[in-house]
Structure formats: C-alpha cells, structure tokens
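Visitor:
Number of protein chains: 2
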Amino acid sequence: MFFKVAIIGAGNVAWHLARAFEDSGHFVTDIYNRNISHARDLASRLYDTNVTDSSDLTHSEAEIFLIAIADDAIEKVTSQLKVPPYGIVAHTSGTQSLEVVAAHHDNPGIFYPLQTFSKGISVNIKEVPICIEALHQSTEKVLFTLGDSISNEVYAINSEDRRLLHISAVFACNFSNHMLTIAQDILEDHDIDFGLLQPLIVETVNKALSVGPEEAQTGPAVRGDDATVKEHLKFLKYDPAYRKIYKLLSEHLEQHYS
Amino acid sequence: MFFKVAIIGAGNVAWHLARAFEDSGHFVTDIYNRNISHARDLASRLYDTNVTDSSDLTHSEAEIFLIAIADDAIEKVTSQLKVPPYGIVAHTSGTQSLEVVAAHHDNPGIFYPLQTFSKGISVNIKEVPICIEALHQSTEKVLFTLGDSISNEVYAINSEDRRLLHISAVFACNFSNHMLTIAQDILEDHDIDFGLLQPLIVETVNKALSVGPEEAQTGPAVRGDDATVKEHLKFLKYDPAYRKIYKLLSEHLEQHYS
Chain X
33 MFFKVAIIGA GNVAWHLARA FEDSGHFVTD IYNRNISHAR DLASRLYDTN
83 VTDSSDLTHS EAEIFLIAIA DDAIEKVTSQ LKVPPYGIVA HTSGTQSLEV
133 VAAHHDNPGI FYPLQTFSKG ISVNIKEVPI CIEALHQSTE KVLFTLGDSI
183 SNEVYAINSE DRRLLHISAV FACNFSNHML TIAQDILEDH DIDFGLLQPL
233 IVETVNKALS VGPEEAQTGP AVRGDDATVK EHLKFLKYDP AYRKIYKLLS
283 EHLEQHYS
Chain G
33 MFFKVAIIGA GNVAWHLARA FEDSGHFVTD IYNRNISHAR DLASRLYDTN
83 VTDSSDLTHS EAEIFLIAIA DDAIEKVTSQ LKVPPYGIVA HTSGTQSLEV
133 VAAHHDNPGI FYPLQTFSKG ISVNIKEVPI CIEALHQSTE KVLFTLGDSI
183 SNEVYAINSE DRRLLHISAV FACNFSNHML TIAQDILEDH DIDFGLLQPL
233 IVETVNKALS VGPEEAQTGP AVRGDDATVK EHLKFLKYDP AYRKIYKLLS
283 EHLEQHYS
C-alpha cells in the first residue's frame with residue numbers, strides 16, 4: 033500500500049524520511065518549509081515534489097502530513113498548518129505530546145524515528161525503531177503501515193515512554209558523542225592524532241552492547257583510583273569546563289559503583 | 033625473538049597481556065600478586081607459570097617485569113620490587129611517570145596499551161596502540177620488540193603525550209560508556225527495553241568515526257532547542273544526579289556549538 037506524504041520541514045529528519053518513503057514506493061507530494069531554498073534542496077533529490085513556504089496545504093494531494101521540524105517550532109507550525117479534511121497530521125518528535133497536534137487537527141499522530149540523522153550520511157533505516165502513537169485506531173493503522181514499509185522495528189509507544197526514550201537517547205547518543213568530541217579536542221590541542229583512540233572507541237561500544245555498559249565500565253574513577261583522578265583534574269585546569277565535566281562524571285561513577 | 037616476562041598484577045590488563053604474550057611465543061614466567069588466589073586464577077590459564085605473593089623476584093628467570101596494577105599502587109609496589117640485575121621493569125599505566133620506576137630500577141620503561149580491558153572479553157590486541165617509553169635505548173628496543181610481537185600499532189610516546197592520551201581515553205571510553213549506563217538505567221527504571229537504543233548507539237559511533245564527532249553531533253542542546261532541554265530537566269528531577277549531568281553537558285554543548 034503506497035501513501036502520498038507531505039513533509040513539513042527540510043532538516044535532517046525530513047531529509048532521511050523523505051528518501052526512505054520514496055525508496056519504499058510512497059510519493060512525497062510536498063515539502064513545506066519557511067526557508068524555501070532548503071525545501072528546494074530536498075525536493076531536488078526527490079521525484080516530482082512541490083515546494084512551498086505557505087502553511088496552507090489544503091489543496092495538497094497528500095494523505096499524511098509529517099511535521100519534521102525542531103521541537104520548539106512544532107506548536108506554532110502545527111497550529112498554522114492547514115490540511116485537507118481527513119488528512120493525518122503527525123510529528124516526528126521524541127518529546128512533543130500528541131495533544132500539541134490534537135489541539136488543531138482531527139487525525140493526530142506521532143511518527144518518531146529513534147535515530148541520529150545527519151544530511152548526507154546514509155542510515156540503514158530498516159533497523160531504526162519507529163515509535164507510533166495516534167488518537168484514533170485508523171490513524172495508528174496508517175502510520176504503522178507507513179512505518180512497516182521502511183523499517184523492521186515499528187512499535188506503539190505512548191507519549192510518556194517516548195519521552196523517556198528520547199531522554200535516554202540524549203545520554204546514549206548526544207552526550208556520549210560529545211565525550212568523543214572533548215577527547216578529540218584535548219588531543220588535537222596538543223597535536224596528537226585522534227585516530228589513536230579509534231580501537232578504544234570501537235571496543236568500548238562493542239563491549240557495552242555485548243555485556244551491557246554497567247558491567248563493561250573500566251577506568252580510574254570506577255577503580256577508586258583517586259590519585260589518577262586528581263592528577264587528571266590538575267592537568268585539566270587549563271580548561272575549566274572540561275575539568276568540571278571530568279569531576280562531575282568521576283564523582284558520579286565512583287558513587288554509582290561503590 | 034621470544035622473551036621471558038614476569039607480570040606483577042592479576043587484574044584486567046595483566047590478564048590480557050599475559051595471554052597475548054603467550055599467544056606470540058613469549059614465556060610468562062611469574063605472576064606476582066598480593067592476593068595470591070587472583071594470581072593463581074590467571075596462572076591457571078597460562079603455561080607453566082609460577083605464582084607468588086612475595087615482591088622478591090630476584091631469582092625469577094624473567095628479563096622483563098611488567099607492572100600491571102592500579103595506578104595508585106604502582107609507586108609502592110615498584111619501590112618494594114626486587115628483580116635480577118639488568119631486569120627491565122616497566123609499568124602499563126597511562127598516567128604514572130617513568131621516574132616512578134627509574135627511582136628504584138636501572139632499566140625502567142613504560143608499556144601502555146591504550147584499550148579498555150575486561151576479564152573474559154577478548155580484544156583484538158593486534159589493533160591496540162601500545163605506547164612505549166624508556167630511559168635507555170636498549171630498553172626501548174626490547175619493549176618495542178615485545179610490543180611489535182603482539183600489536184601492529186606500537187609507538188614511542190613520551191610521558192606528557194601518554195598522559196594526554198589517557199585523559200582523552202577517560203572521556204572517549206569511560207565517560208561515553210557511563211552515558212550508556214545512565215541511558216539504560218533511565219529506561220529500565222521504567223521497564224523499557226535498552227535494546228531499542230542499540231541501532232542509535234551503533235550509528236552514533238559509526239558517524240563519529242567517519243565524519244568526526246564534532247560534525248556528527250545532533251540533539252536538542254546543539255540545535256539550541258531550549259524547550260526540549262527544559263522539559264527533559266523537569267522530568268529528570270526524580271534523579272538529581274542525572275539532572276545535574278544533563279544540565280552541565282547541555283550547557284557545554286550549546287556553548288561549544290554557538
């Protein structure tokens with residue numbers, strides 16, 4: 033079963049979902065974005081897709097209107113969006129509620145892909161968990177069908193659990209990645225190749241996924257090796273922000289494992 | 033060229049290095065550990081290895097004495113250790129200086145494997161960077177030969193750079209892994225399967241290693257999505273420690289990318 037989908041937004045999530053929908057035989061009818069040149073960039077990689085900077089999509093052929101924009105813009109954009117009668121309006125946010133859509137549209141839903149997307153970096157979407165929520169069963173069914181067509185991991189997840197997943201994802205993805213950035217910065221500030229850490233980083237994740245991160249933990253803080261922690265903190269005085277992060281996380285680690 | 037190596041310590045690093053040396057044809061002659069039952073555990077997985085809880089290894093056949101113990105015990109153990117004349121004494125620490133060995137032994141060195149080791153989890157040691165330092169060229173040559181026999185990545189690294197590598201490794205490995213532990217805790221506290229995050233975690237690391245972590249960064253903080261950050265902080269009130277970590281890292285991320 034193929035759907036006609038309009039996408040509101042032209043960022044990382046819009047980019048990846050639009051391509052995934054087309055790859056699975058659906059039609060991306062419209063891209064609506066305030067900045068129309070971003071909409072054009074995305075549409076240029078799709079087949080026969082209209083672009084617009086108007087929130088009035090009443091005359092769109094789409095059956096599903098997917099709002100893939102920054103969380104803090106969703107409420108405003110959703111309230112202004114005009115869709116045809118019976119149009120399903122769903123957002124892709126991990127945090128925003130179903131109500132934010134339900135307040136303005138009859139067939140509200142959520143279509144949240146639990147993944148980190150960057151433009152130009154391909155993702156195996158088949159493995160990406162997609163979290164579905166809807167007010168009406170008929171809407172849920174359509175969103176499930178759409179999800180199943182692009183991923184093997186589609187789940188009905190309520191707003192509470194979705195928010196928990198999103199918060200966990202911030203730790204597991206955004207914060208863990210930022211730890212890598214800090215490591216790289218420290219090395220490159222001193223002309224040492226970040227590549228030296230690559231085997232360590234690969235092994236860290238392999239171990240965390242095979243035995244669980246709690247059991248996989250190593251390092252001075254968890255060993256209670258205060259001398260090393262102190263020496264590192266002394267060295268990090270040159271960057272008070274890094275020092276503060278090192279201190280807080282070491283304290284938390286020691287406490288967690290004591 | 034095969035060496036006779038005595039290992040001081042019976043923890044994670046000792047465990048992996050001892051096996052790697054034997055796999056490459058060297059002889060692990062002795063395991064010295066204060067807790068002799070730990071020494072026996074390790075020796076039982078090696079070929080014809082003596083165990084002892086005495087720091088007097090004067091009569092050992094070994095040419096190289098490798099101190100693979102917690103950083104804060106190195107100074108004391110090194111000062112008490114007795115080895116035959118000409119014995120090379122090297123520690124495996126990322127942080128401790130060469131001087132801590134040189135103060136008590138004529139042929140001091142460092143043999144630091146830059147990896148996270150856990151007992152019972154095998155590691156491809158061939159890819160593990162090994163950082164070598166020594167007071168005398170002859171010692172450096174022996175340690176290089178030993179390193180080259182187990183790994184393809186052996187480097188001469190001075191104490192200053194080694195310390196930087198170790199601090200970076202704490203961020204890239206220990207702290208990033210702890211972010212996964214927190215993610216898992218948050219989910220399991222609420223009966224949600226941590227496995228849902230697996231594709232995200234794998235993609236996070238793949239992306240960080242292919243385009244670099246700085247460019248790979250996504251998430252509410254780096255987007256400046258304050259509403260989501262605030263909502264997450266509000267939710268995390270149930271665990272003040274998690275909340276504090278979320279707040280500090282989000283602030284640092286916003287600042288870093290602004």
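These protein sequence lines are chains X and G, in that order.
If you read the first sequence in our numbering, its first letter stands for residue 33, the second for the next number, and so on.
If you read the second sequence in our numbering, its first letter stands for residue 33, the second for the next number, and so on.
Beta carbons are placed, not taken as given, at the ideal position from N, Cα and C, and that holds for glycine.
For histidine 198/G, count the other beta carbons within 10 Å of its own beta carbon; 16 or more makes it buried, fewer makes it exposed. Which is it?
Guide: Answer is buried; the Cβ neighbour count reaches 16.
Visitor: State the beta-bridge partners of phenylalanine 35/G as determined by DSSP.
Guide: None, per the DSSP bridge assignment.
Visitor: Which residue comes first and which comes last in the alpha helix (DSSP H) that contains phenylalanine 59/G?
Guide: No alpha helix (DSSP H) contains phenylalanine 59/G, which is instead part of the beta strand (DSSP E) from 59 to 64.
Visitor: Is there at least one Cβ from chain X nearer than 8 Å to proline 140/G's Cβ?
Guide: Not an interface residue.
Visitor: Indicate the three-state DSSP secondary structure (helix, strand or coil) for glutamate 185/G in the structure shown.
Guide: Coil.
Visitor: Strictly below 9 Å CB to CB, what residues from chain G border histidine 264/X?
Guide: In chain order: Thr127, Arg195, His198, Ile199, Val202.
Visitor: Find the residues of chain G that neighbour phenylalanine 176/X, judging by a C-beta separation of less than 9 Å, and give them in chain order.
Guide: Result: empty, since nearest Cβ-Cβ is about 17 Å, beyond 9 Å.
Visitor: Looking only at its own chain, which residues have a Cβ that is under 8 Å from the Cβ of glycine 179/X, when we skip the five neighbours before and after it?
Guide: Once the five neighbours on either side are set aside, the close Cβ partners of glycine 179/X are Phe143, Ile162, Ile164, Val186.
Visitor: Please compile the residues from chain C whose C-beta is within a distance smaller than 7 Å of the C-beta of glutamate 159/G.
Guide: Protein chains in the displayed structure are X and G, and chain C is not among them.
Visitor: Give the residues from the region 239 to 260 of chain X that approach chain G closer than 8 Å (Cβ to any Cβ), ordered along the chain.
Guide: Of all residues in the region 239 to 260 of chain X, Lys239, Ala240, Leu241, Ser242, Val243, Gly244, Pro245, Glu246, Glu247, Ala248, Gln249, Thr250, Gly251, Pro252, Ala253, Val254, Arg255, Asp257, Asp258, Ala259, Thr260 have a Cβ within less than 8 Å of some Cβ in chain G.
Visitor: Can you list, in chain order, the residues of its chain with a C-beta nearer than 8 Å to that of threonine 61/X? Leave out the 5 residues immediately preceding and following it.
Guide: Within the same chain, threonine 61/X has close Cβ partners Lys36, Val37, Ala38, Thr81, Asn82, Ser92, Glu93, Ala94.
Visitor: Taking 8 Å as the CB-CB cut-off, is glutamate 235/G touching chain X?
Guide: Yes, glutamate 235/G lies at the interface with chain X (some Cβ there is under 8 Å from its Cβ).
Visitor: Under 7 Å Cβ to Cβ from aspartate 15/X, same chain only, skipping five residues before and after it: list those, please.
Guide: Outside the displayed range of chain X (33 to 290) lies residue 15/X, so it cannot be described from this structure.
Visitor: State the DSSP-derived secondary structure class of glycine 126/X, mapped to helix, strand or coil.
Guide: In this structure, glycine 126/X counts as coil in the three-state DSSP scheme.
Visitor: If I'm right that isoleucine 99/G touches glycine 41/G with Cβ under 8 Å, what's the distance once you round it to whole angstroms?
Guide: Contact holds; Cβ gap of about 7 Å.
Visitor: Can you tell me where the alpha helix (DSSP H) holding valine 243/X begins and where it ends?
Guide: Start and end: 230 to 243.
Visitor: Is the region 234 to 247 of chain X close to the region 208 to 226 of chain G, with three or more CB pairs under 8 Å?
Guide: Segments in contact, yes.
Visitor: Report yes if the C-beta distance between tyrosine 64/X and threonine 90/X is below 8 Å; otherwise report no.
Guide: No. Outside cutoff.
Visitor: I want to verify the contact list: residues of chain X whose CB lies under 8 Å from the CB of isoleucine 218/G, in sequence order.
Guide: Those within 8 Å of isoleucine 218/G in chain X are Leu196, Ile199, Ser200, Phe203.
Visitor: What residues in its chain sit with their C-beta under 7 Å from that of arginine 66/X, if we drop five residues either side in the sequence?
Guide: The residues are Asp85.
Visitor: Report back the beta-carbon spacing between serine 208/X and leucine 212/G to the nearest angstrom; my notes put them in contact at under 8 Å.
Guide: Confirmed, about 6 Å.
Visitor: At which residues does the alpha helix (DSSP H) containing phenylalanine 267/G begin and terminate?
Guide: That run of the alpha helix (DSSP H) goes 258 to 267.
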